[in-house]
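Participant: Sharing a structure here in structure tokens format.
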Amino acid sequence: MGTSGDDPRSWVLYVVVVALTALMAAPRRGRDAQSWWWPPPVAAIVLWVLIAVPSVIRLILPPLLDVLRRDPVRTRDGEWWRVFTSALTQDGGVAGTVGNLVMLAIVAIAVVRIWGWERAVALFVVGQLLWALFTSFVAPSVGAGVSGATFVMAASLAGLWPVAGARRTLLVASAGTFVAGVLLVLLDDAHGVAVLIGMLLGAVLGIVLPPSRQVTAAGPGAHGRLRS
């Protein structure tokens, strides 16, 4: 199962997942939507900068990729930090770096707005851990990038709304995210596993520790009141 995203069909599905995440989170009205996206939450900015800075430095200093990237053999030999540092740089060149950072920017804002910064950060860390362990030990591959953690975060919203009593539009979007994840798995793309993991984490977190305030993205009352 690959992680490179070389198949153009995979990128189409990546865009679908991110677009559905934005749909499930953001209000649709003009001013509400504008203020929802900009300025971004502080936590989203910090997370994005944390990933963007080493990713850009890596483009200037290519050897940095070898220092930080995921390497199953070297991880088994004790370089355990690669499980986390592999998210700090991107292995797809300029295009892959730009694509991953754009997706992270959109998803980080959406997830922080809905979940709150504490849960959003926890989803990122747990998502990166599970993604790196999967791609190191279950479907071993050498590589780097924040895409796995990004898709876990994104799909957490698709897992949240079904257990939060959301309206039909959001349930359809959640189902669309699930279908995109399954299609990625069928394309032998490991990012599909990240999507399915994210939905599971979102559902569990939505039951055990849901957002503490009413969420009204996608229009007034569209999401309903989250269950406590």
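The sequence shown begins at 7 in this note's numbering and counts up by one.
Note that beta-carbon positions come from the ideal geometry of N, C-alpha and C, so glycine has one too.
#1: From Val-144 to Leu-206, what does the alpha carbon distance come to, in whole angstroms?
#2: Between Ala-209 and the rest of its own chain, which residues show a CB-CB distance below 6 Å, the 5 nearest in sequence each way excluded?
#3: I need the DSSP call for Gly-11, collapsed to helix, strand or coil.
#4: So for Leu-88, helix, strand or coil by DSSP?
#5: Three-state secondary structure (DSSP) at Pro-217?
#6: Mapping DSSP to helix, strand and coil, what is Met-64?
#7: How should Val-55 be labelled, buried or exposed, when 16 other C-beta atoms within 10 angstroms of its C-beta is the threshold for buried?
#8: Suppose you measure from the CA of Leu-29 to the CA of Ala-179; what does that come to, to the nearest Å?
#9: So the candidates are Trp-86, Pro-47 and Thr-103; which of them puts its Cα closest to the Cα of Arg-64?
#10: Could you tell me the boundaries of the alpha helix (DSSP H) in which Arg-174 lies?
#11: Under a three-way DSSP split, which group does Asp-72 fall into?
#12: Out of curiosity, what's the CA-to-CA distance linking Ser-234 and Pro-217?
#13: Taking buried to mean at least 16 other C-beta atoms within 10 Å of its own C-beta, is Leu-110 buried or exposed?
#14: Comparing C-alpha positions only, which one of Ser-92, Val-158, Thr-141 and Ala-172 sits nearest to Met-7?
Facilitator: Per the coordinate set shown:
#1: 18 Å
#2: Gly-165 and Val-169
#3: coil
#4: Note that residue 88 is Arg in the sequence shown, not Leu. Helix.
#5: Reduced to three states, the DSSP call for Pro-217 is coil.
#6: Just to set this straight, residue 64 is Arg in the shown sequence, not Met. It is helical.
#7: So Val-55 ends up on the exposed side.
#8: 8 Å
#9: Thr-103
#10: 174 to 192
#11: helix
#12: Residue placement at Ser-234 is poorly supported in this model, since its pLDDT is 33, which falls under 50; the coordinates still yield a value, given next. Those two C-alpha atoms are separated by around 8 Å.
#13: It is buried - the Cβ of Leu-110 has at least 16 other Cβ atoms within 10 Å.
#14: Thr-141
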